[in-house]
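The structure appears below as structure tokens.
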């Protein structure tokens, strides 16, 4: 019998999920398009040209121009950079907080567990958006504040997840063996246990990027996320809100809106596909 | 937990750079004594813990302080005015989400892997992925601006009679926008919860004794599958309220969410605090209701 490595098995299971593959392809497309934005358009996303205001889509301006004469195609491409980087950085922040706190809570238990999980409950049970707009307006909206706010407000979900994994894994033979031969707790936690808890973490991080992109867009839509003139899909939608623009110039708000929708949908497909691929219960019907 | 939240909130607000008197510092002819007097009047010259303690004592007496703006109105009145609109909006969206989500989820699980199931699963993904502000704008564009069949926002003009049809007309678009996500996530949860229960041994027994599949599903399985959905109720309130802030903003709905944005722009801290607090209380009540109804529905945990 041929031996197949674990990652190959997971990849094979992932490939069987057509929606997940579709999501992955779209996601890669979005990443490439935003990375290579300067090669795909000659327009500067922030340069306004007051003679070319409110132009409908044409050969010159693929998606038309906005009320300050900026090219919407260019702004949509560059907006993707902002959305993706806010999504990745804020998930990075929330993961680093959540992993450490969740691991400590699960591994040591007792007081640590109680205190950390109570704090997590406080964050968890509160309407995210209301706290986010409050903090953002107090410290002033900026792209870095947006990343930090989203990261700090969303750590509890990864902390909870990791705590549960640690509770399950800390009494396994390999973890006890590592402790017995004298490895110190942090080595046991992060070298021995953490790698075994990586798959649920990866799934939650993937879905976390989707919700961070949604939240960034929501904050920017309310004018409290990424501030203009930097293009973000959320603040482009915000700019298109006056009813006359909404009614007669759909090219200003359709591209960023569809972009957010499609990227979030494809990340969700990928996350769901990963979850199924990692699920050991699926091995049986292989 | 509520206490922990009030502390966190007060901390954030107090460490914030910029206070209601910051703009006064820029005025050249203004004496510092005047600023100090204004600070003392607003009570923001005291040390942090004293301010926090005093504020906590006040809110226990339901006194949320006075608004910082020129009208100096009691915050509790401002909130009281806006709260009904937010509650109507959120409650209708919850009812819509559960009323559609649960039956759809049940059917989807009952006919697993059917065409219907695939369609529902796909639309559930769409529902959780579409940003409410984009979906709201699309609805606004179609129904209010292009076809002109529904109002573009607001909630009853001054002097307009409060008829039932009027309620529906104003509520339809915001509730649909806010409720779409809940429909999708309730349907997904309901489907997976029912599928999980359908694999239980006692259902095999029920089938083995010759019961029809419909009776097995709707009578035996459904009751147990609905239990976890009840707890979902408590989790979903924060999401609904978060969404309400955005939806109120799109449809100029006169609720707490639009009041919050307005207060944030004016750096009107007592109002912001009051709104945050009010949401915390609503969520707290919601989770208590969810817990109680869970105990009510599941005899196994009643005496624990």
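Protein chains in written order, with our numbering: chain A, 1 to 286; chain B, 1 to 304. By construction, the Cβ of each residue, glycine as well, lies at the ideal position given by its N, Cα and C atoms. Predicted model only: the values in this text are computed from it and were never measured.
State the DSSP-derived secondary structure class of residue i, mapped to helix, strand or coil.
i                      : result
residue 65 of chain A  : strand
residue 291 of chain B : helix
residue 20 of chain A  : helix
residue 113 of chain A : helix
residue 74 of chain B  : strand
residue 121 of chain A : helix
residue 71 of chain A  : strand
residue 209 of chain B : coil
residue 25 of chain B  : Only weak support exists for where residue 25 of chain B lies, its pLDDT of 49 falling under 50; the value from the coordinates is given anyway. Here residue 25 of chain B sits in helix by DSSP.
residue 55 of chain A  : coil
residue 81 of chain B  : helix
residue 270 of chain B : helix
residue 219 of chain B : helix
residue 196 of chain B : helix
residue 304 of chain B : With a pLDDT of 47 at residue 304 of chain B, under the threshold of 50, the modelled position of this residue cannot be trusted, and the question is left open.
residue 47 of chain A  : coil
residue 42 of chain A  : coil
residue 5 of chain A   : coil
residue 36 of chain A  : coil
residue 60 of chain A  : coil
One question on the structure: do residue i and residue j come within less than 8 angstroms of each other, judged by their Cβ atoms?
i                      : j                      : result
residue 182 of chain B : residue 233 of chain B : no
residue 236 of chain A : residue 81 of chain A  : no
residue 217 of chain A : residue 83 of chain A  : yes
residue 278 of chain A : residue 203 of chain A : yes
residue 266 of chain A : residue 32 of chain A  : no
residue 192 of chain A : residue 174 of chain A : yes
residue 53 of chain B  : residue 191 of chain B : no
residue 67 of chain A  : residue 54 of chain A  : yes
residue 225 of chain B : residue 194 of chain B : yes
residue 205 of chain A : residue 95 of chain A  : yes
residue 189 of chain B : residue 250 of chain B : no
residue 259 of chain A : residue 233 of chain A : yes
residue 110 of chain B : residue 217 of chain B : yes
residue 159 of chain A : residue 213 of chain A : no
residue 222 of chain A : residue 261 of chain B : yes
residue 246 of chain A : residue 141 of chain B : yes
residue 187 of chain B : residue 231 of chain B : no
residue 215 of chain A : residue 238 of chain A : no
residue 126 of chain A : residue 283 of chain B : yes
residue 273 of chain A : residue 17 of chain A  : yes
Near residue i, what residues of its chain come up, given a Cβ to Cβ distance below 7 angstroms and the 5 sequence neighbours on each side ignored?
i                      : result
residue 94 of chain B  : 182, 240
residue 185 of chain B : 128
residue 153 of chain A : 123, 128, 131, 132
residue 298 of chain B : 227
residue 65 of chain A  : 52, 53, 54, 55, 71, 72
residue 209 of chain A : 87, 88, 91, 267
residue 40 of chain A  : 33, 77
Go through its chain and collect everything with a Cβ distance to residue i's Cβ below 6 angstroms, but skip five positions before and after it.
i                      : result
residue 227 of chain A : 141
residue 93 of chain A  : 151
residue 104 of chain A : 112
residue 263 of chain B : 271, 272
residue 170 of chain A : 107
residue 275 of chain A : 203
residue 288 of chain A : This structure does not reach residue 288 of chain A, given that chain A is present from 1 up to 286, and the question cannot be answered.
residue 156 of chain A : 120, 123, 124
residue 263 of chain A : 30
residue 242 of chain B : none
residue 98 of chain B  : 186
Counting only the same chain and skipping the five closest in sequence on each side, list residues whose C-beta sits under 8 angstroms from that of residue i.
i                      : result
residue 89 of chain B  : 171, 174, 175, 178, 244, 247, 248, 253, 255
residue 249 of chain A : 54, 56, 64, 240
residue 146 of chain A : 86, 90, 136, 216, 219, 220, 225, 226
Does any CB atom of chain C fall closer than 8 angstroms to the CB of residue i?
i                      : result
residue 228 of chain B : The chain inventory of the structure shown lacks chain C, comprising the protein chains A and B.
Residues, ordered as in the chain, of the segment 133 to 153 of chain A that lie near chain B by beta-carbon distance below 9 angstroms: 133, 134, 135, 136, 137, 138, 139, 140
Runs of alpha helix (DSSP H) lying entirely within the segment 104 to 173 of chain B, each at least 4 residues, in chain order: 115 to 129, 132 to 139
Positions along the segment 230 to 244 of chain B whose CB lies within less than 9 angstroms of some CB in chain A: 234, 235, 237, 238, 239, 240, 241, 242, 243, 244
Within 7 angstroms of chain B by C-beta, residues of the segment 52 to 79 of chain A in sequence order: none
Members of the segment 214 to 226 of chain A that neighbour chain B once the beta carbon cut-off is set at 7 angstroms: 214, 217, 218, 221, 222
Contiguous alpha helix (DSSP H) assignments of at least 4 residues, all confined to the segment 224 to 267 of chain B: 256 to 265
Entirely enclosed alpha helix (DSSP H) segments - the segment 207 to 286 of chain A, minimum 4 residues: 233 to 239, 243 to 248, 254 to 278
Residues of the segment 129 to 140 of chain B with Cβ closer than 8 angstroms to any Cβ of chain A, in chain order: 129, 130, 131, 132, 133, 134, 137, 138, 140
Members of the segment 162 to 178 of chain A that neighbour chain B once the beta carbon cut-off is set at 8 angstroms: none
Residues of the segment 100 to 119 of chain B whose Cβ lies closer than 9 angstroms to any Cβ of chain A, in chain order: none
Cβ-based contacts, 9 angstroms cut-off: residues of the segment 249 to 261 of chain A near chain B: 250, 253, 254, 256, 257, 258, 260, 261
In chain order, each alpha helix (DSSP H) run of at least 4 residues that lies wholly inside the segment 118 to 194 of chain A: 128 to 139, 143 to 169, 173 to 180
Members of the segment 120 to 132 of chain A that neighbour chain B once the beta carbon cut-off is set at 9 angstroms: 121, 122, 123, 124, 125, 126, 127, 128, 129, 130, 131, 132
Contacting positions in the segment 231 to 248 of chain A - beta carbon closer than 7 angstroms to chain B: 237, 243, 246, 247
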